[in-house]
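Presented below is the structure to which this report refers.
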Amino acid sequence: MPFLLPQSCIYTRQEQQQQQQQEEGEQQQQQEEEQQQQQQQQQEEEEQQQQQQQQQQQQEEEEQQQQQQQQQQQEEEEQQQQQQQQQQQEEEQQQQQQQQQQQQEEEQQQQQQQQQEEEEE
19 MPFLLPQSCI YTRQEQQQQQ QQEEGEQQQQ QEEEQQQQQQ QQQEEEEQQQ QQQQQQQQQE
79 EEEQQQQQQQ QQQQEEEEQQ QQQQQQQQQE EEQQQQQQQQ QQQQEEEQQQ QQQQQQEEEE
139 E
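Going from the sequence shown to my numbering is simple: count from 1 and add 18.
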């Protein structure tokens, strides 16, 4: 039976091919798993980056708020200063008025005295 030998040869060759195919399949699976892992890592890194960016944004917003508050405070202080100046001016005006009144009263007194003296004469 001369055909037995080549048949068995073909059989073992088929087996070899199957084994090779299996190994290649396993290799492919491994590669795919590795790719998946890499993708996951990339995703995680991107999420971390996003978080960092968000944090930075928050910090910048807080700094802006602080600056705004400082500006408000400055404006309020300036307003207070202006009010104080106004008050001072008003007080000075009052003082001037009082002085004028005093002068007027003194003049009146003098006039009265003069009148009295003239009447006595």
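Idealized CB from N, CA, C, for every residue including glycine. Since the model is a prediction, treat every value here as computed from it, not as a measurement.
Task: Which of helix, strand or coil DSSP assigns to E108 - done: For the purposes of this step, residue 108 is taken as the residue at position 90 of the sequence shown. Three-state result, E108: helix.
- [ ] Consult DSSP for E52 and reduce its assignment to one of helix, strand or coil.
- [x] Position 34 of the sequence shown, counted from the start, is the residue given in the question as residue 52. Three-state result, E52: helix.
- [ ] With DSSP as the reference, label E137 as helix, strand or coil.
- [x] The residue given as residue 137 occupies position 119 in the sequence shown. Correct three-state label for E137: helix.
TODO: To the nearest angstrom, report how far apart Q83 and Q100 are at their CA atoms.
DONE: The sequence position of residue 83 within the sequence shown is 65, counting from 1. The sequence position of residue 100 within the sequence shown is 82, counting from 1. Their backbone Cα atoms lie some 26 Å apart in a straight line.
Task: Euclidean distance between Cα positions of E80 and Q74 - done: Here the question's residue 80 lines up with position 62 in the sequence shown. Here the question's residue 74 lines up with position 56 in the sequence shown. C-alpha separation (whole angstroms): 10 Å.
- [ ] In angstroms with no decimal places, state the Cα-to-Cα distance between Q59 and E65.
- [x] Taking the first residue of the sequence shown as 1, we reach residue 59 at position 41. Taking the first residue of the sequence shown as 1, we reach residue 65 at position 47. Distance between the alpha carbons of Q59 and E65: 10 Å.
Open item on the list: I need the straight-line Cα distance from Q129 to Q122, nearest angstrom please.
Closed with: Taking the sequence shown and counting its residues from 1, one reaches residue 129 at position 111. Taking the sequence shown and counting its residues from 1, one reaches residue 122 at position 104. Using only the alpha carbons, I get a separation of about 10 Å.
Open item on the list: Rounding to the nearest angstrom, what Cα-Cα distance links Q72 and Q49 in this structure?
Closed with: Taking the first residue of the sequence shown as 1, we reach residue 72 at position 54. Taking the first residue of the sequence shown as 1, we reach residue 49 at position 31. Cα to Cα, Q72 sits roughly 35 Å from Q49.
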